[in-house]
Each structure stands twice: as C-alpha cells, then as structure tokens.
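Encoded as structure tokens, the structure appears first; notes follow it.
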Amino acid sequence: MQSLPAIPFEISTWTYRRKVNKNAHVVWAKNFYSVPFTHIGAHVDLRTTDTMLEIYRSDERLTSRVLLPPTTMNQYQTNEADLPEGRSWQAWDRTRIDDWAARMGPSTVTVIGKIFEAASIEEAGYDPALAVLRLSRRFSPTRVEVACRLALRGPIRSPRCAHLRTILDTGQDKTGHVPDEPEADDGGYVLGSAYYAGGTR
C-alpha cells in the first residue's frame with residue numbers, strides 16, 4: 002500500500018487581550034501589525050504559528066499577517082486598508098522621538114530617556130514619550146523644556162506627562178529664571194535641607 006505524503010503541521014499558540022493602539026496596530030514580538038481602525042482601543046487575541054499571525058476579537062477573525070522575521074524589531078506590517086481613509090500615517094520610532102525631544106532641549110531629552118529606561122521593551126515607551134512631547138502643542142516647547150527641568154529636580158525618578166502637566170497648568174514654569182540650586186525653586190517640587198533647617202533661601 003502506497004503511503005501518503007506527510008502534511009506539514011504548524012503548532013499554534015494563543016496570546017490574549019492585546020490592546021489595539023491608537024495607530025491601529027497591535028504589538029507582537031517587538032513588531033507592529035495593523036488591525037482595522039474600527040477596533041482601536043479594543044482588546045484582541047493573537048493566534049501565532051511559525052509563519053503567521055491571526056488577530057481575533059471574540060470569535061471573529063479580524064485579519065491575518067505573515068510574521069516578520071524574528072531578528073527584526075520595531076518594524077511595521079501595515080495594510081493601508083486598515084487605516085482611516087485619507088489619513089497620512091508614518092510610523093513613530095525611537096529615532097523620530099529622540100529627534101523631536103532634541104529640538105525642545107536637553108531636559109526634555111533626559112525625561113524621554115528616563116521613560117525609555119523604565120520601559121520593559123522599547124515600544125512600551127512610545128506612548129508616554131509622545132504624550133510628553135505633545136504637550137508642546139498646547140504649551141510652547143520652551144515651557145515644556147522648563148517643566149522638564151523642574152520635574153527632574155523632584156523625587157519622581159521618571160517624570161511623565163501628568164507630572165509635567167501639573168507644572169504647566171499651575172504656571173510653575175513661568176515664575177522666572179530657574180536657578181541651578183533646587184532649594185531656590187519656587188515651583189515647590191523640592192526644597193533643600195537649608196530651607197527645612199531655617200536657612201535663608
């Protein structure tokens with residue numbers, strides 16, 4: 002009796018409750034795969050084999066993608082049909098974020114660097130870093146830079162958007178020149194030991 006040829010069999014694994022990011026992509030193995038934009042903010046389940054990624058919401062399969070090579074990082078597998086019609090979209094990466102921070106000033110660069118240091122993987126730092134940089138759309142880049150400078154003197158190891166927003170909303174960055182000594186900071190973030198000991202400011 003003639004034997005039948007073996008049928009290749011790929012083992013699949015499931016990963017549950019991955020959030021679809023605001024750019025209509027989901028993260029898998031340090032790369033980004035697009036999902037129809039109507040599912041932005043939703044949690045999806047991922048079924049992966051050695052070669053394919055399938056994305057499900059409940060029992061509905063939303064899309065499937067050929068996996069990027071395992072040696073790649075921070076690459077995008079994007080189907081333009083997944084994005085809103087007419088939207089101009091360009092992937093953010095660490096280089097673009099660092100370049101934006103550098104245009105704002107050295108304190109902003111430091112804050113962004115600390116955000117990425119605290120992130121478990123690089124892409125996890127994108128959203129909080131961009132939230133800081135986008136403060137410059139409401140406040141001037143100069144004000145955001147001063148707010149970063151003030152925040153770095155405080156007790157918070159990795160300042161985020163919420164910390165900077167407090168400084169900006171309360172106008173602590175507008176009290177004039179920010180001196181080099183933290184105890185002379187009128188913003189109230191950190192006061193030196195001389196202050197608490199009754200010394201002059």
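Numbering (the numbering used here), first residue to last: 2 to 202. Backbone N, C-alpha and C define an ideal beta-carbon position, used for all residues, glycine too. The structure displayed is predicted, hence computed values, not measured ones.
Item                                                                                               : Value
Beta carbon of S121 nearer than 7 Å to that of C149                                                : no
DSSP bridge partner residues for H26 (one or two, in chain order)                                  : S35
Where the alpha helix (DSSP H) through R166 begins and ends                                        : 162–170
Cβ separation of L235 and L84, assumed to be a contact under 8 Å, to the nearest whole Å           : The chain is shown from 2 up to 202; residue 235 falls before or after that span and cannot be answered.
Nearest to A30 (by Cα), restricted to the options R166, D51, H40, P160                             : D51
Rounded distance between the beta-carbons of V45 and Y57, thought under 8 Å                        : 6 Å
Meets three-Cβ-pair contact criterion under 8 Å: the region 158–176 and the region 97–116          : yes
Exposed unless 16 or more other CB atoms sit within 10 angstroms - verdict on A102                 : buried
Residue burial classification, D174 (beta-carbon count within 10 angstroms, cutoff 16)             : buried
Residues near R18 in its chain [Cβ-Cβ closer than 6 Å; skip 5 each side]                           : H44
S65 - DSSP class collapsed to helix/strand/coil                                                    : strand
Exposed unless 16 or more other CB atoms sit within 10 angstroms - verdict on R104                 : exposed
Straight-line Cα distance separating L68 from S59                                                  : 22 Å
Rounded straight-line distance, which links the Cα of I98 to that of A130                          : 7 Å
7 Å Cβ cutoff met for L54 and R66                                                                  : yes
T143 to W15 span [Cα, whole Å]                                                                     : 46 Å
Distance, Y127 Cα to T167 Cα                                                                       : 21 Å
Ordered list of alpha helix (DSSP H) runs contained in the region 65–133, each at least 4 residues : 95–105, 107–119
Under 7 Å between C-beta atoms of N75 and D100                                                     : no
Burial state of E61 (16 or more Cβ within 10 Å)                                                    : exposed
Distance between E146 and Y77 (C-alpha atoms, nearest Å)                                           : 31 Å
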